[in-house]
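Residue numbers (full-length UniProt numbering), protein chains in the order written: chain A, 1 to 413; chain B, 1 to 413.
Quick reminder that beta carbons are idealized off the backbone N, C-alpha and C, glycines included.
None of the values given here were measured: they were computed from a predicted structure.
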């Protein structure tokens, strides 16, 4: 006797799915957050910001005032490009990293993820080439895959993207008759690698890309989160013509507002606005107005200092615990900002196969393979740890458990 | 001596734009709202909801309470599919139109525009065929064009989409060896036609589509806004397997929250969630929580009654003014809900060429050509008027000015 599974409702409609949509696949991101409700597991997986320091009362009061005073405006349709006042404030934020932009060159998006989706949609046909770091942000690899772009990943070292490796990748592409549509890079406090592009490399990276006439997409969610309060000159500040800059308030204020932005040279910006009009008509006027009022009336720089302090003790806790608990042969990066430490495990340990061991010890991490293009087979000796969300005590405990998981794995193999 | 215009910043990058992005073009929607700040012009163009009846104080208090109590949750990342509690409430709303859906089948989106973008992205490769009403919603035509889908528009009469015309369009397509990816339809209080699909036609439309194995995309932003408080059975309530339903709170609560949704059979819904993850990670938790709390703690049905009352006096003002001021040979629809009246002007008047006359008389409308696929040459004897936003007095004055503009035009031709 055989049993057959009945088709799911609507299954047959998928038989007529667009070929262009075949790259839209389940993301690994939800699984990163899946353990968030489980108190028995220490999650060092998801990169959620810690909102302990957020002045909830102030945001509540500001929001109430805003709605009571201007509800008929902030609850109405707005402009596709975003609230003009907020775009001015975004220019102020960017000026801290040396960017001189006009509010006209800024497009507000529903998180910077949406900005990356638009940029990719505008430039990439299936089979087009994108360069990015090895490893790279999961969400970016997901977007590139969703448009069926090919990804070539360029090595990083402790000082970020390696210029010679970038040059070699571009020359390889050229020999193959291909010109990448853009280089996607996270120069500051890289997700997942935890490294920062050295200032003296920045001009070189830009020159290499300009020489090959390749656009640079600079994604900078963590730039304001240097643990010592420094800022680095943005690539965009050095080459406004060839850099599309993605920014976000998700890590400096709060992700629940879903407000990011893209700053682009005028011709590209115009296409981005058109994509925004077609996709959402406009970003929510409500969240933009709340954020704008908060930025105007509160000391948001001091607020970011508070966040930095909370991340510094967490980073320190993680580095100390790694030194104490990880077995010999382990290495890791020492991030000076952002949320992430990138760990290389001892020879012979496979971070995909390590997952059930970590599960038994009730600790969660993200295996390195998630940060490489699908099917590359890379990343199996690496893993990502996030120190942004748990308390320092939980971080120490989580790393201790990870050490036990690795030791168990080694004993069993 | 010749002068050359310098290229805009970033212009040369557009030379390498994706072929797939060539359909992303400027929308006509911003121009509809362009006169909104000008008090000398009566705008009957944009379809902004009237938010006079919105209880701002209540929304302000609810939002403040929400942030003060649960800020760390509502300002954090959420799920790509949307807040579970809100998806339950959306099922309650849909039950008023006879839909029995599971919260699992609902995906919250940034306005229903984004839901339509996702559906089109999932199903349409360039050159694929979509059927829709003639005329059709500008924003939908924009999305279809952005994915370079071909559009065939099927006539409507006073009782909505004409079944025989739909059958003929499907047979024509079949003879040409093409099967449409879906029928996009606005059954209730159509934008721009102002007509409603007769209940006795609904099953017939579904049967015709099922016989040709064509998915139906039902867009229903105005369903709750019948001026007499009636509701009509949703197409989705009659065929859950073959209908993807788009809903919105933009017209029943407020557009500034940008909360819409899509209800789809499981297999299609799963792809929609994947598209959402890739595009925005998640819709804003903040606006979802505000809306959910408002729905839970306030009599939103009574609130919609208030909106209906305000739209009824506006619709009546517009119909009375049309009868009084439009020259002989004009015809118009008599909407029983929604925001729009569709006007056919007297023979010999071209509604594109009428624009400067209307401008001189300081009244704004949308020419009919905007509601047909680009290059079709259709709609030039038609125009759309919106009665949703201005006061009844301004509506009467606007229609008076439109009458003068038409008469001027007739004298000049």
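Determine the DSSP secondary structure at residue i, reduced to helix, strand or coil.
i: residue 316 of chain A; result: helix
i: residue 337 of chain B; result: strand
i: residue 239 of chain B; result: coil
i: residue 292 of chain B; result: helix
i: residue 259 of chain B; result: strand
i: residue 378 of chain B; result: coil
i: residue 365 of chain B; result: coil
i: residue 384 of chain B; result: strand
i: residue 95 of chain A; result: helix
i: residue 441 of chain B; result: Beyond the ends of chain B as shown, which are 1 and 413, falls residue 441 of chain B; an answer cannot be given.
i: residue 211 of chain A; result: helix
i: residue 357 of chain A; result: helix
i: residue 218 of chain B; result: strand
i: residue 247 of chain A; result: strand
i: residue 226 of chain A; result: strand
i: residue 1 of chain A; result: Residue confidence is low: residue 1 of chain A scores 49 on pLDDT, short of 50, so the model does not pin down where it sits. Its coordinate-derived value is still stated next. Residue 1 of chain A: coil per DSSP, three-state reduction.
i: residue 77 of chain A; result: coil
Measuring CA to CA, which of the options is closest to residue i?
i: residue 303 of chain A; options: A:267, A:254 and A:184; result: A:254
i: residue 228 of chain B; options: B:238, B:161 and B:311; result: B:311
i: residue 263 of chain B; options: B:57, B:43, B:17 and B:89; result: B:89
i: residue 233 of chain A; options: A:242, A:215 and A:187; result: A:187
i: residue 377 of chain B; options: B:277, B:153 and B:239; result: B:153
i: residue 129 of chain B; options: B:60, B:296, B:118 and B:144; result: B:144
i: residue 204 of chain A; options: A:121, A:161, A:189 and A:5; result: A:161
i: residue 426 of chain A; options: A:62, A:114, A:66 and A:58; result: Because residue 426 of chain A is not part of the residues shown, which for chain A are 1 to 413, the question remains open.
i: residue 42 of chain B; options: B:387, B:256 and B:70; result: B:387
i: residue 213 of chain A; options: A:171, A:52, A:249 and A:15; result: A:171
i: residue 207 of chain B; options: B:272, B:243 and B:196; result: B:243
i: residue 401 of chain B; options: B:322, B:381, B:412 and B:349; result: B:322
i: residue 95 of chain A; options: A:38, A:238, A:185 and A:411; result: A:238
i: residue 240 of chain B; options: A:40, A:5 and A:11; result: A:11
Can you name, in chain order, every residue of its own chain whose Cβ lies under 7 Å from the Cβ of residue i, other than the five neighbours on each side?
i: residue 226 of chain B; result: 336 and 337
i: residue 138 of chain B; result: 28, 29, 370 and 371
i: residue 251 of chain B; result: 49, 221, 222 and 225
i: residue 319 of chain A; result: 334
i: residue 292 of chain B; result: 83, 85, 86 and 89
Residues of chain A with CB closer than 7 Å to the CB of residue i, please, in chain order.
i: residue 67 of chain B; result: 56, 59, 60 and 63
i: residue 146 of chain B; result: 278
i: residue 266 of chain B; result: 8, 9 and 10
i: residue 287 of chain B; result: 284, 286 and 287
Return the chain-ordered list of same chain residues with a C-beta closer than 6 Å to the C-beta of residue i, the five sequence neighbours on each side being excluded.
i: residue 331 of chain B; result: 344
i: residue 87 of chain A; result: 103 and 106
i: residue 317 of chain A; result: 392, 395 and 396
i: residue 307 of chain B; result: 53
i: residue 326 of chain A; result: 403
Who are the near neighbours of residue i in its chain, counting only those whose CB is closer than 8 Å to its CB and skipping five residues on each side?
i: residue 379 of chain A; result: 135, 351, 367, 368, 369, 370, 371 and 372
i: residue 405 of chain A; result: 354, 357, 358, 360, 361 and 363
i: residue 285 of chain A; result: 73, 74, 75, 76, 77, 78 and 83
Under 8 Å Cβ-Cβ, which residues of chain B neighbour residue i?
i: residue 423 of chain A; result: With chain A covering only 1 through 413, there is no way to say anything about residue 423 of chain A.
Kindly list, in the order they appear in chain A, the residues whose Cβ is closer than 8 Å to that of residue i.
i: residue 303 of chain B; result: The contacting residues do not exist; residue 303 of chain B stays about 13 Å from chain A at best.
i: residue 122 of chain B; result: 17, 18, 21 and 24
i: residue 128 of chain B; result: 18
i: residue 142 of chain B; result: 277 and 278
i: residue 125 of chain B; result: 18, 19 and 20
Report whether the distance from the Cβ of residue i to the nearest heavy atom of the ligand ADP is below 7 Å.
i: residue 350 of chain A; result: This structure simply doesn't include the ligand ADP, nor any ligand for that matter.
Which chain B residues sit within Cβ distance under 9 Å of residue i?
i: residue 215 of chain A; result: 10, 13 and 16
i: residue 139 of chain A; result: 277, 278 and 281
Return no unless some Cβ of chain E is closer than 8 Å to the Cβ of residue i.
i: residue 351 of chain A; result: The structure shown contains no chain E; its protein chains are A and B.
### Query
Which of the residues in the stretch 7-28 of chain B, read from start to end, lie with their CB under 7 Å from any CB of chain A?
8, 9, 10, 11, 13, 14, 16, 17, 18, 19, 20, 21, 24, 25, 26 and 27
### Task
Could you name the residues of the stretch 272-285 of chain A whose beta carbon sits closer than 9 Å to any beta carbon of chain B, in the order they occur along the chain?
273, 274, 275, 277, 278, 279, 280, 281, 282, 283, 284 and 285
### Query
Taking Cβ-Cβ distances below 9 Å as the criterion, which residues of the stretch 235-266 of chain B are in contact with chain A?
240, 241, 242, 244, 250, 253, 254, 255, 256, 257, 258, 259, 264, 265 and 266
### Query
According to a CB-to-CB cut-off of less than 9 Å, which residues of the stretch 166-194 of chain B neighbour chain A?
179, 181 and 182
### Query
For the stretch 37-48 of chain B, which residues have a CB atom closer than 7 Å to at least one CB atom of chain A, in sequence order?
Answer set for the stretch 37-48 of chain B: 48.
#### Entry: chain B contacts made by the stretch 109-120 of chain A, where a contact means CB separation under 8 Å
110, 111, 113, 114 and 117
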